Amino acid sequence: MDTIRHYASRLAQWSASPYVAVPALIGLLGYAWWEYTAQLKIYYAMYGMAPMEWVNELLEPENFTRNFPGGYVAFGKSAFMYIYPLAAKITGAEPSTILIWVVALELVLIASATYVFSRTLFPSASPMAHLLVVAVVIASDARSVNIGWFTGPFFKGVYYNACDAFKIFGIVAALKNRYALSGLLLGLAFATHPILGLHGAIFIAGMAVMDPEVRQQWRKPLWGALAFAAIAAIWTALMYEPQNITNAGLPDKTWFDIARLNKIHLFPITLGYFTALSREYISFLSAFILMAYYMGRRWESHRETDSKIIAGLILCLLMIYAGVALSETVVKPILVKVTLFRASELLLFVAIVYAVNGLWEDIVAGGYIRPFLAATALFSAFYIESVFPVLLTILIASPAVRGAFNRRVTNNAWIAALMLFTLLTIAGLAHLGYAGGKEAKEAIGVFDYWKQLAVYYLGGAGLLGKAFHIILPVWVAAVAARLIFKSDYFPVAVTAIALFGAHTYMEARQMDERKMKTGADYMAAQLWARDQTDKKALFYVDPAIFYPAHDHAGWRTYSERSSMGQLYEWVVMSGLYVSDKKLWDEGLARLDELGIDINEYFKMRTDKNRYKLLRQRAQESFYGKDDAWRMGMAQKHGIDYFVMENGKLQNPSRLPLAFQNDSVLVYSAK
116 MDTIRHYASR LAQWSASPYV AVPALIGLLG YAWWEYTAQL KIYYAMYGMA
166 PMEWVNELLE PENFTRNFPG GYVAFGKSAF MYIYPLAAKI TGAEPSTILI
216 WVVALELVLI ASATYVFSRT LFPSASPMAH LLVVAVVIAS DARSVNIGWF
266 TGPFFKGVYY NACDAFKIFG IVAALKNRYA LSGLLLGLAF ATHPILGLHG
316 AIFIAGMAVM DPEVRQQWRK PLWGALAFAA IAAIWTALMY EPQNITNAGL
366 PDKTWFDIAR LNKIHLFPIT LGYFTALSRE YISFLSAFIL MAYYMGRRWE
416 SHRETDSKII AGLILCLLMI YAGVALSETV VKPILVKVTL FRASELLLFV
466 AIVYAVNGLW EDIVAGGYIR PFLAATALFS AFYIESVFPV LLTILIASPA
516 VRGAFNRRVT NNAWIAALML FTLLTIAGLA HLGYAGGKEA KEAIGVFDYW
566 KQLAVYYLGG AGLLGKAFHI ILPVWVAAVA ARLIFKSDYF PVAVTAIALF
616 GAHTYMEARQ MDERKMKTGA DYMAAQLWAR DQTDKKALFY VDPAIFYPAH
666 DHAGWRTYSE RSSMGQLYEW VVMSGLYVSD KKLWDEGLAR LDELGIDINE
716 YFKMRTDKNR YKLLRQRAQE SFYGKDDAWR MGMAQKHGID YFVMENGKLQ
766 NPSRLPLAFQ NDSVLVYSAK
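Listed below in structure tokens is the structure:
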């Protein structure tokens with residue numbers, strides 16, 4: 116037994132060294148790259164909004180002279196996206212090949228920023244702790260519990276992760292009093308995604324206020340502020356026309372009607388984020404409690420660093436409160452477009468770093484209760500949707516309640532108050548679920564008050580359901596190892612279970628075989644169009660093809676041909692994002708040709724499914740038309756081909772069938 120304990124101890128020491136953690140990190144990134152790109156080409160063929168669409172139109176504009184602008188036009192506003200045309204010109208590679216390498220760059224950027232940020236805040240922590248922070252950031256739902264349900268992680272070859280990385284590197288530079296470098300990095304973040312970059316700048320402004328060196332030498336951060344302001348001003352002037360910012364030409368009321376029709380996550384209260392659909396809100400509060408507790412526990416030894424972070428977090432909270440309030444009260448679109456409550460994404464990122472490092476400290480500590488609570492809380496990020504279940508969080512942070520009543524411990528009172536606020540919130544939400552009627556009960560899946568309490572406290576059925584049978588055998592082995600080998604082997608087992616959870620999470624995000632088959636068929640139709648049709652051909656694609664799979668669908672991704680557009684482009688992109696009155700009117704004309712009046716759906720204010728109803732109506736109308744309508748449209752717009760799902764056409768067509776497979780039909784109008 117002594118020999119076994121000896122080798123277990125050696126294994127634990129060896130696994131905690133950088134010589135293991137760094138290769139493990141590289142392996143995690145390599146595996147994540149494989150998982151996130153395995154289906155990406157077919158994903159974009161099916162759902163569109165692909166970088167390839169933007170690059171192809173940029174490099175071969177003659178192919179898109181008759182095209183209705185797609186949502187991908189927004190990519191041109193991000194400096195990061197110009198990697199695609201630059202790489203295409205230098206290497207001659209296809210945009211779809213460049214896409215795969217851009218995802219690799221995304222992973223390297225966000226993982227590097229996360230690892231460096233974690234090491235900066237916790238310099239004495241084990242490399243394994245930093246590895247687990249990276250795993251939670253890139254392969255769990257922890258980043259998705261922000262206010263507004265903005266998806267994270269999102270590795271699709273676009274700009275979000277790059278912006279987050281530049282922003283986090285900027286915060287690290289500010290923590291090290293390198294404000295000039297911080298300003299340049301924030302400027303790069305702004306040029307990548309202006310709104311998210313601005314949130315980072317506000318966060319660092321708060322940090323600077325709490326920096327004692329800045330208070331003594333206020334000119335120190337001036338160069339950084341000037342660098343950020345200059346980059347932001349130049350990029351805004353180059354990339355944004357006044358109508359994109361002020362909504363010129365499109366009535367404010369119309370903009371809000373469009374936004375509430377589709378982009379409901381711009382309105383967290385309407386979305387039900389704080390009421391019936393509040394799982395993410397509770398997880399957000401839970402992550403905040405963990406961060407507060409672990410920050411408070413180390414306050415005396417890290418006061419200077421943590422006070423800067425707290426100042427930034429306070430400004431994040433102010434932005435969140437202002438953003439939520441403005442989303443429901445203002446009448447000017449610009450104040451909603453800035454989505455101030457998206458500062459919750461940055462706050463949540465910081466909370467994850469503190470929470471995971473703090474949980475790791477408890478995991479490697481002695482005892483038989485806290486290590487198991489901490490490990491289970493860590494596993495929740497990978498294995499269940501409700502990350503950091505409140506019951507576990509309250510138990511882990513319970514010493515703060517005791518400390519709040521100890522006059523010698525002054526920094527725990529607000530943590531205890533936050534815990535009390537969360538408990539009262541849960542009690543109220545549970546009552547809402549119990550008394551809210553059929554709709555509320557179905558939305559949260561419970562039928563009485565006590566079951567609803569259990570859902571909130573345990574994070575749904577996750578801790579008791581399907582996740583547990585996956586990790587239970589390994590968990591039992593870890594417990595046995597803890598009892599036999601004391602603390603040495605336990606962290607190794609926890610790390611193994613967590614990394615397996617990252618694998619489980621990424622696997623669960625893959626498309627099923629049916630979607631893959633449909634996507635492959637649709638991709639084949641696009642490749643046929645690219646290879647067999649005239650470059651100036653115009654295609655009328657089912658405006659809601661593959662309903663209800665997604666808001667938008669691809670066609671230009673691989674066809675490299677003009678399209679009449681999709682419902683999402685006619686209504687949402689033209690009005691909400693581009694804010695082009697002429698384009699919006701053209702989109703309405705497309706709807707009118709299908710016999711649809713958008714105002715009918717604007718009036719359905721109480722129906723959260725009204726955009727789905729609009730999509731269903733558009734598709735039913737499209738497939739209900741006959742050849743006479745199709746030929747009339749062809750003569751009016753110069754349409755060459757009609758693209759539709761196989762088996763949905765209500766009236767058999769006599770038009771020449773140009774292409775067919777199991778999922779897609781293409782009829783020629785020639």
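Quick note: to get the working numbering, add 115 to the position in the sequence shown (first position is 1). Beta carbons are placed, not taken as given, at the ideal position from N, Cα and C, and that holds for glycine. Bear in mind that the values here come from a model prediction, so they are computed numbers and not experimental data.
Residues sharing a beta bridge with Val779, DSSP:
Glu760
Is the region 456–476 close to the region 260–280, with three or more CB pairs under 8 Å?
Here the region 456–476 lies against the region 260–280, with 3 or more beta-carbon pairs under 8 Å apart.
Contacts around Tyr69, its chain only, beta-carbon distance under 8 Å, and the 5 residues preceding and following it disregarded:
Given that the chain is displayed from residue 116 to residue 785, the structure contains no residue 69 and the question cannot be resolved.
Does the region 276–293 come close enough to the region 633–647 to have 3 or more Cβ pairs within less than 8 Å?
Contact between the region 276–293 and the region 633–647 is not established, with fewer than three Cβ pairs separated by less than 8 Å.
Report the option in Ala773, Thr540, Leu706 whose CA atom is closest to the CA atom of Thr390.
Thr540
Cut-off 7 Å between Cβ atoms - residues of its own chain near Ala342, not counting five sequence neighbours on either side
Ala295, Gly298, Leu299, Gly302
Thinking Ala147 and Tyr620 are a contact (beta carbons under 8 Å), I'd like their distance in whole angstroms, please.
Not a contact, Cβ separation roughly 10 Å.
Should Thr266 be labelled buried (16 or more other beta-carbon atoms within 10 Å of its own) or exposed?
Taking every protein chain shown into account, the CB of Thr266 has fewer than 16 other CB atoms within 10 angstroms, so this residue is exposed.
So is Asp646 buried or exposed if we call it buried at 16+ other beta carbons inside 10 Å?
exposed
Compare the Cα-Cα distances from Glu328 to each of Leu290, Leu353, Ile349 and report the closest residue.
Leu290
Which residue from Val609, Glu443, Met626 puts its Cα closest to that of Leu246?
Val609
Rounded distance between the beta-carbons of Leu143 and Ala250, thought under 8 Å:
6 Å
Burial state of Arg418, where buried means 16 or more other Cβ atoms lie within 10 Å:
exposed
Tyr716 (DSSP reduced to helix, strand or coil)
helix
Check the C-beta distance from Leu155 over to Lys271 and give it rounded, since I have them as a contact under 8 Å.
7 Å
Within 8 Å (strictly less), CB to CB, does Ala347 reach chain B?
Included in the structure is just one protein chain, with no chain B present.
Which term fits Gly473, buried or exposed, when burial requires 16 or more other beta carbons within 10 angstroms of its beta carbon?
buried
If you follow the alpha helix (DSSP H) that Tyr162 is part of, which residue opens it and which one closes it?
155–162
Tell me whether the beta-carbon of Ser783 lies closer than 8 Å to the beta-carbon of Leu770.
Contact: yes.
Flag this pair as yes or no: are the beta carbons of Tyr159 and Thr672 separated by less than 8 Å?
yes
State the Cα-Cα distance for the pair Leu140 and Ile754, rounded to the nearest angstrom.
51 Å
Under 8 Å between the Cβ atoms of Gly315 and Gly285?
yes
Take Asp372 and list the residues in its own chain whose beta-carbon comes closer than 7 Å to its own, dropping the five residues that flank it on each side.
Phe717
Which residue's Cα is closest to the Cα of Ala659: Lys650, Ser674, Gly680, Arg676?
Gly680
Assuming Ile612 contacts Phe494 (C-beta within less than 8 Å), just tell me the rounded distance between them.
6 Å
Can you tell which of Ser398, Thr206, Val248, Tyr162 has its C-alpha closest to the C-alpha of Glu500?
Distance from the Cα of Glu500 is smallest, within the candidate group Ser398, Thr206, Val248, Tyr162, for Ser398.
Contiguous alpha helix (DSSP H) assignments of at least 4 residues, all confined to the region 609–661
628–647, all fully within the region 609–661.
Please go through the same chain and pick out, in chain order, the residues whose beta-carbon is closer than 7 Å to the beta-carbon of Ala635, but skip the five residues on each side of it.
Ile157
Distance between beta carbons of Lys651 and Arg181, contact taken as under 8 Å
Yes, they are in contact, since the Cβ atoms of Arg181 and Lys651 sit about 7 Å apart, within 8 Å.
Within the continuous alpha helix (DSSP H) that includes Met406, where are the two ends?
394–412
Have a look at Met688 and Lys452 and give me their C-alpha separation to the nearest angstrom.
13 Å
Would you please state the rounded distance, in angstroms, between the beta carbons of Leu433 and Phe318? I believe it to be under 8 Å.
Actually they do not touch by this definition, with Cβ atoms about 11 Å apart.
Give me the Cα-Cα distance between Leu510 and Val693, rounded to the nearest whole angstrom.
49 Å
For Leu772, list the residues DSSP reports as bridge partners.
Tyr782
Nearest-angstrom Cα separation, counted from Tyr199 out to Leu174
10 Å
Output the distance between the C-alpha atoms of Pro486 and Pro514, rounded to the nearest integer angstrom.
Going by the C-alpha atoms only, they are around 15 Å apart.
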